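First the structure, in the form of structure tokens, and then the observations on it.
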Amino acid sequence: MSNLIIVESPAKAKTIEKFLGKNYKVKASIGHIRDLPKSKLGVDIEDNFNPSYITIRGKASIANELKKEAKKSEKVFLATDPDREGEAISWHLAYILGLDENEKNRIEFNEITKEAVRNAIKNPRKIDKNLVDAQQARRVLDRLVGYKISPILWAKVRKGLSAGRVQSVATKMICDREAEIEKFIPQEYWSISLNTQNSNKENISFELSGNKNKKIEIKNEEQTNKILSEIKGKNLQVKKIEKKNRKKAAYRPFTTSTLQQEAANKLGFTTKKTMQLAQQLYEGISVKGKGTLGLITYMRTDSQRISSEAQALAKEHITSKYGNKYYKSYGYKQTGKNVQDAHECIRPSHIELEPMELENSLNKDQYKLYRLIYSRFIACMMQDALYEQQSINADIDDYNFKANGSKLLFDGFLRVYDYSTSEENILPSVEENEILKVKKILPKQHFTQPPARYNEASLVKTLEELGIGRPSTYSSIISTIQDRGYVEKKQKNLFPTELGKVVTNLLEEYFKQIVDLEFTADIEGKLDTVAEGKDAWKEVVSNFYKPIEHDLEIASKEIERINMDEETDEVCELCGNKMVIKHGRFGKFMACSNYPECKNTKPILQKTGMKCPKCGEGDVIVRKTKRGKIFYGCSSYPKCDFVSWNKPTGELCPQCNSPLAEADKKSKYKTACTNKECKYKK
């Protein structure tokens, strides 16, 4: 009889099965097998919050197949992901398969390599019920918030809305930031810089730093003009030259949160895309000449720990390729009280597989992310970069000016991690008391800036700093608040919508705890104590739900129906009343304000402001595919069949007379012909 190993993903199953041999069969549960029912609450509030789990719709055939395979197997190993969610999946699988909870059938590994999986099989353990209870607590809490508060939002605001324990806090943070920006009053200030030359006619730029060696603040043009009148026509005298060495330490290896942030900042990936790519790299990629390999360790982790084996391999790689002077032993410190330190950081599983070797086996985005992870890991065990910090202090009468520069003396980890730009700015040589000729005085007016809007990277960073949610959930949270229409992304920044503001205001007024940052972070801490076996999960749920139960009664009585229809200037062609913009399950549409007497509806046409270049009668409008991808077409469709993926310019091609459109962003051209057979670009 063979042994059965159950994992979550078919890709993961395929990778593991290839190196375990004939004695093992690997099957996938494809995520959770059991969960709370979708059609009802599924939590018995009266009976101490007991959950009612059912086999997920569509999973019965998978469950039956796993039961069949389990009966034929000598031993069943539950090898779901090494986190609370994975532990809960194993617990549900054990229930469905009739396995003894006290039996040692749970195995876990942080990387999908032959050695890691075989070691896990040799060291099975019992299912950790504390981890399961922490997951159950989270699941029940989220269900209570979602299924108790969301119906109030449907009734009072709009169907299809939802409240969530973490998503509502994230939306509030974005709304609060927008309110800060709206209230912000810019303050004027000025700077004065000098373009100077030394005796060798080398240019040096100085900034005004003080007056009589005290810091100076220039608040208006009058103050600026006074200083300009006092320094005009005078040269700069060097008073002091300082040089000192400064180290720039290597970055720590990636956790889920820092990977999401760096991939957003350096590669332009959304958190969702980053996690999808990381999942693919973890579960296994077909590598030419080597078969299917898991290329990185588990990508849901908040630990920066590195195993001693991985450290030894990294040391060998660094010293052999770059020399001993580049190696620095890794000093590990636990970064937070809630870190799940059984995990490792996110690192390559096969250090010998450098990114260049895998370029032909990975798609473009997989390669970019693998290279980022690989470089960050190798760099974290390399020496600091060493800079010589330079500063020149010079005066015109009582006014002090300063020039700063730096020179890279040793590249250290920058040799590998080229995502961190070198800070070199070498100043020309000068001598103390040397007179520098002032070539130009440059006064400049500035205004203080409001706090920056959140983007995905900064939102993830702030959520982690506040202890809200788990890094593994940030991707789905950011997707959810956009899908619900609470937040929209413009040029990578997150803006609250009117709907997001309305829902947040309601929650703040009637369910303060749900959107309270400290309370939400405290709940996250309570879930950690459940995972450690220090708190009972039902008690945590009860303490959370009791005040909400009272709020629900008040909210359902006091909240009045909010009309979210948007008025327009367009007139209904059937009855003459104004048309309004309504929201349906498929997005926005136009409807008559005289409903239900008049039931006229029509789609919203987002016009580009130009006539159709093909028929000349219809307008070019923005349209969307079923998957939400934007394209451009004629409003007279189907009479006119003009379509273009790129936005038309309103001009015609001089070669073939077809419409011209904006070229792709990555193209060096601005416009291109929409006729595929014509290669005209300009």
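Residue 1 is where the sequence shown starts when you use UniProt numbering, and the numbers rise one by one after that. Glycine included, every Cβ here is placed at the ideal spot set by N, Cα and C. Predicted, not measured: the structure shown is a model, and the values here were computed from it.
Given Leu78, which residues of its chain have a CB within under 6 Å of its CB, disregarding the five upstream and five downstream residues? Ile6, Ser90, Leu93, Asn105 and Arg106
From Arg139, Leu372, His32 and Glu434, pick the residue whose C-alpha is nearest to that of Glu262; which is it? Leu372
Which residue or residues does DSSP assign as beta-bridge partners of Lys582? Phe589
Can you grab the Cα-Cα spacing for the pair Glu157 / Ile559, in whole Å? Looking at the sequence itself, residue 157 is Val, so the reference to Glu does not match. Between Val157 and Ile559, the C-alpha separation is close to 10 Å.
Kindly confirm or deny that the region 373–391 and the region 303–321 touch, where touching means at least three C-beta pairs closer than 8 Å. yes
Touch check for the region 432–441 and the region 238–250: three-plus C-beta pairs under 8 Å? yes
Coarse secondary structure for Ile548, derived from DSSP in three states: helix
Using the beta-carbon count (16 or more within 10 Å), is Leu409 buried or exposed? exposed
What number of angstroms, rounded off, separates the C-alpha of Gly42 from the C-alpha of Thr529? 25 Å
Would you report the Cα separation of Phe49 and Asn543, rounded to the nearest angstrom? 11 Å
If we ignore side chains and look at the alpha-carbon of each, how far apart do Trp190 and Gln445 end up? 5 Å
Spatial distance of Lys337 from Lys273 (CA atoms): Summary for Lys337: the model assigns pLDDT 47, below 50, so the residue's position carries little reliability, and this model does not support an answer.
Tell me the residue span of the beta strand (DSSP E) that contains Pro659. Pro659 to Glu662
Note down, one range per segment and in chain order, each alpha helix (DSSP H) of at least 4 residues found wholly within the region 106–174. 114–122 and 129–156
Counting C-beta neighbours from all protein chains within 10 Å, is the total for Pro253 16 or more, i.e. buried, or is it exposed? buried
Got a sec? Which residues, its chain only, sit under 6 Å from Ala264 by beta carbon, not counting five neighbours each side? Glu456 and Ala457
Taking the DSSP output, what are the residues bridged to Tyr632? Val622 and Ser644
Using a Cβ-Cβ cutoff of less than 7 Å, which residues in the same chain neighbour Lys614 once the five nearest sequence positions on both sides are dropped? Cys634, Cys640, Phe642 and Pro659
In three-state terms, what does DSSP make of Met382? strand
Run the CB neighbour count on Glu65, radius 10 Å, all protein chains shown included, and call it buried at 16 or more, exposed below. exposed
Could you pull out every residue in the same chain whose Cβ sits closer than 8 Å to the Cβ of Thr319, ignoring the five residues on either side in sequence? Tyr326 and Tyr327
Give the DSSP-derived three-state secondary structure of Thr274 in the structure shown. helix
With DSSP collapsed to three states, give me the class of Tyr370. helix
Rounded to whole angstroms, what is the Cα-Cα separation between Gln340 and Gln135? With a pLDDT of only 47 at Gln340, under 50, the local geometry of the prediction cannot be trusted, and the value read off the model is given with reservation. Near 14 Å, if we compare the C-alpha coordinates of Gln135 and Gln340.
With DSSP as the reference, label Gln304 as helix, strand or coil. coil
Thinking C-alpha only, which one of Leu281, Val287, Ser9 and Met173 is nearest Ile33? Ser9
For Leu463, which of Val132, Gly86 and Met173 has the nearest alpha-carbon? Met173
Rounded straight-line distance, which links the Cα of Tyr251 to that of Leu499: 40 Å
Could you tell me which of Pro37, Glu508, Thr55 and Glu359 sits nearest to Ile30, measuring between CA atoms? Thr55
Taking the Cβ atom as the reference point for each residue, do Gly210 and Asn404 lie within a distance shorter than 8 Å? no
Specify whether the region 545–560 and the region 182–202 touch according to this definition: at least 3 beta carbon pairs, one from each stretch, less than 8 Å apart. no
Do we get a CB-CB distance below 8 Å when we pair Ile318 with the residues of chain D? The structure shown contains no chain D; it is built from a single protein chain.
Selected residue, minimal CA-CA separation from Gly98, among Val117, Tyr387 and Glu69: Glu69
Three CB pairs or more closer than 8 Å across the region 165–183 and the region 422–429: no
Assuming contact is defined by CB atoms lying nearer than 8 Å, are Cys592 and Leu574 in contact in what I supplied? yes
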